[in-house]
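Numbering (the UniProt record's numbering), first residue to last: 1 to 618.
Glycine residues also receive a C-beta, built at the ideal position from the N, C-alpha and C atoms.
This one's a predicted model, so the numbers in the text were calculated from it and none came from an experiment.
What follows is a set of notes on a single structure, which appears directly below.
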């Protein structure tokens, strides 16, 4: 148990290092790519920016009106308060505040709409990119890690996508307008108000670097938690844990990663608190500093080289504007901090968006001759996995055979010989390293993937059923299938009577991965699904090896019916199921070492005869 945990920790550390290296992006390039996400929404963004500019411009006027309220309406140089002017100025201020609030609501709605659309499009792009990836990518990547990229990473940048543009534009305009207003009121007080701003900017950059590192570790931990959840709480994972009494171990594994996540979240939260506390202190004490400085300016004890006229209205207006300056300034610092923190998440997202599928559709696909659709040829095929060591032999080496339409061909041999790989090369789930695989005389690399898969059906050893009704699982192969077509496929797969005995018939929910059904029932529904597709070529990947003897007979009958009239490539473990095959290929260490009918191979007395004798004595 300790060795397994150590291996997982080592793997996690290796993954963390790889992701840490991947999340050291070129910042300018990353910024351009983030901006490019908003390109399809330019009209809405233009309106958002216009609203932000208007709201920011409106915000400048109330402080100036406040100065007039104090100096001209409440405390004019001569006489008492001017109530008429006071009502006029207050009325304008109220109108400006109401207009600003209404425009702000509109701007927030538009910003949220654009930001969430961008996030949705980003998630769609990620999902579509992953759909294009080859099968080998998913065999070497944890499902939970992929799910984390789609959910946690994209969700982690949601606030940046939703608020950055409006926040940057609005706060920038407010800061500039406030600075101009403050300079108009008193340039001496303005210098004092912005004196420590460069220090805050420098601190923000340092804090941002720390938060970016912690954010990378946090997302890696979330990926690991998602992977643990996906592995341990699936039906298969629960069965495995209960069968071996490892529930407590799985809980401890999750608790350990959860504790790490909690620690990282606390560190991420606290990493910016000192910085924002300093900003808060700066904002709090600055008005007091301004009052003291104003006192020295008014009494003439501070020599500035020019007349400093500081009235009560000027001081009230200045402190009002100053407050409006510092909050947007802190908003800009916060956005910059969020962008630095989110850079790691964007890098992880773009890392997946930049994945290049090893198997790409042809630029100019050739048509597939329908009359020869069942003709299959392997021409001196070699295959090795991309991540295989140089010292490892090819998975397949020099495999050649030709099957006429309607031929039933079986592939047998010891485990790891390359049988399943042959079945996966035909629908191009893997790509040949050398040689060619042809369907109807056309290299599968020159066919449109959709056209290719339309002509090939696959029944695997462990069929995958969705947590949905039988009807929905069947129609996955043909969404517009009629009820009569469903019945015909179910009868051909010897599952119709079983479905009719269920209280809900075709509307019976099969459960996660079909676990509410027996192994034989799941396999026959999978066969019916393939029959509904009606392919010319059928690949049977040890479709009965996991079944008991009774279920095997029923499913084998269904498979025999399904294979009738179709070119069939049957990867077989139990030799008794393929005795009637037109041709049997014996695979050993990636090569075809024998071929012929059952009787021919027994008479030959080679590998096949040995395998058959071993199974016969069990």
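#1: Secondary structure at residue 588, three-state DSSP: helix, strand or coil?
#2: Alpha carbon to alpha carbon, how far is residue 268 from residue 523? Give it in angstroms, no decimals.
#3: What are the uninterrupted segments assigned as alpha helix (DSSP H) that are 4 or more residues long and contained completely in the stretch 474 to 500, given in chain order?
#4: Under 8 Å by Cβ, that's how I've got residue 30 and residue 103 pegged, so tell me the actual separation to the nearest angstrom.
#5: In chain order, what are the residue ranges of uninterrupted beta strand (DSSP E) at least 3 long that sit wholly in the stretch 356 to 384?
#6: When we look at the beta-carbon of residue 139 and count the other beta-carbons within 10 Å, is it buried (16 or more) or exposed?
#7: What residue range is occupied by the uninterrupted beta strand (DSSP E) comprising residue 453?
#8: Which residues does DSSP list as the beta-bridge partners of residue 118?
#9: Pick helix, strand or coil for residue 610, following the three-state DSSP scheme.
#10: State the start and end residues of the unbroken alpha helix (DSSP H) segment that holds residue 398.
#11: Taking residue 572 as the reference, give the member of 542, 585, 582 with the closest Cα.
#12: Determine the closest residue to residue 317 out of 553, 181, 388, 469, with distance taken between C-alpha atoms.
#13: Nearest by alpha-carbon distance to residue 379: which of 400, 394, 360 is it?
#14: When you compare the stretch 30 to 41 with the stretch 67 to 83, are there three or more beta-carbon pairs, one atom per stretch, that lie closer than 8 Å?
#15: Enumerate in chain order the residues of its own chain whose CB-to-CB distance from residue 597 is below 8 Å, with the five nearest sequence positions on each side excluded.
#16: In angstroms with no decimal places, state the Cα-to-Cα distance between residue 496 and residue 418.
#17: For residue 594, which of helix, strand or coil comes out of DSSP?
#18: If we ignore side chains and look at the alpha-carbon of each, how far apart do residue 338 and residue 191 end up?
#19: For the stretch 26 to 60, which segments carrying the alpha helix (DSSP H) assignment without a break, of at least 4 residues, lie completely within its bounds, in sequence order?
#20: Report the start-end ranges of each alpha helix (DSSP H) in the stretch 132 to 197 that is 4 residues or longer and not cut off at the edges.
#21: Please list, in chain order, all residues of the same chain as residue 228 whose beta carbon is under 8 Å from its beta carbon, the five residues on each side excluded.
#22: Give me the Cα-Cα distance between residue 129 and residue 600, rounded to the nearest whole angstrom.
#23: Which of helix, strand or coil does DSSP assign to residue 320?
#24: Could you check how far apart the C-beta atoms of residue 133 and residue 355 are, in whole angstroms? I think they sit under 8 Å.
#25: Once the 5 residues before and after residue 125 are set aside, which same chain residues still bring their CB inside 7 Å of it?
#26: Would you check if the distance between the CB atom of residue 89 and the CB atom of residue 68 is smaller than 9 Å?
#27: Which of the three DSSP states, helix, strand or coil, is assigned to residue 440?
#28: Nearest-angstrom Cα distance between residue 591 and residue 484?
#29: Hey, would you say residue 438 sits closer than 9 Å to residue 376, going by beta carbons?
#30: Would you kindly work out how many angstroms separate the C-alpha atoms of residue 451 and residue 530, rounded to a whole number?
#31: Compute the Euclidean distance between the alpha carbons of residue 575 and residue 420, then round it to the nearest angstrom.
#32: Rounded to whole angstroms, what's the CA-CA distance from residue 657 to residue 149? Just pull it up for me.
#33: Please state the DSSP three-state secondary structure of residue 508.
#34: Per DSSP, residue 541 is paired with what?
#35: Measuring CA to CA, which of 407, 259, 189 is closest to residue 314?
#36: With distances taken Cα to Cα, identify the nearest neighbour of residue 367 among 415, 342, 455, 413.
Let me lay it out:
#1: The answer is strand: DSSP assigns residue 588 an E or B state.
#2: 49 Å
#3: Restricting attention to alpha helix (DSSP H) runs no shorter than 4 residues, the stretch 474 to 500 encloses them at 483 to 492, ordered along the chain.
#4: No, residue 30 and residue 103 are not in contact; Cβ-Cβ is about 32 Å, not under 8 Å.
#5: 376 to 383
#6: exposed
#7: Premise fails: residue 453 lies in the alpha helix (DSSP H), 449 to 454, not in any beta strand (DSSP E).
#8: In DSSP, residue 118 forms no bridge with anything.
#9: helix
#10: Here residue 398 belongs to no alpha helix (DSSP H); instead the beta strand (DSSP E) covers 396 to 403.
#11: 542
#12: Here the closest residue by C-alpha is 181.
#13: 400
#14: These segments do not touch.
#15: 581, 582, 583, 584
#16: 35 Å
#17: strand
#18: Cα to Cα, the separation comes out at about 28 Å.
#19: 27 to 36
#20: 135 to 139, 143 to 148, 158 to 185, 187 to 194
#21: 144, 250, 253, 254, 257
#22: When rounded, the distance between both Cα atoms is 48 Å.
#23: helix
#24: The Cβ separation is near 6 Å, so the contact holds.
#25: The beta carbon of residue 125 sits closer than 7 Å to the beta carbons of 353 from its chain, once the five residues preceding and following it are set aside; these are given in chain order.
#26: Contact check for residue 89 against residue 68 passes: the beta carbons are separated by less than 9 Å.
#27: Three-state DSSP puts residue 440 in coil, outside helix and strand.
#28: 44 Å
#29: yes
#30: 16 Å
#31: 15 Å
#32: Residue 657 cannot be examined here, being either before or after the span of the chain that is shown, 1 to 618.
#33: coil
#34: 571
#35: 189
#36: 455
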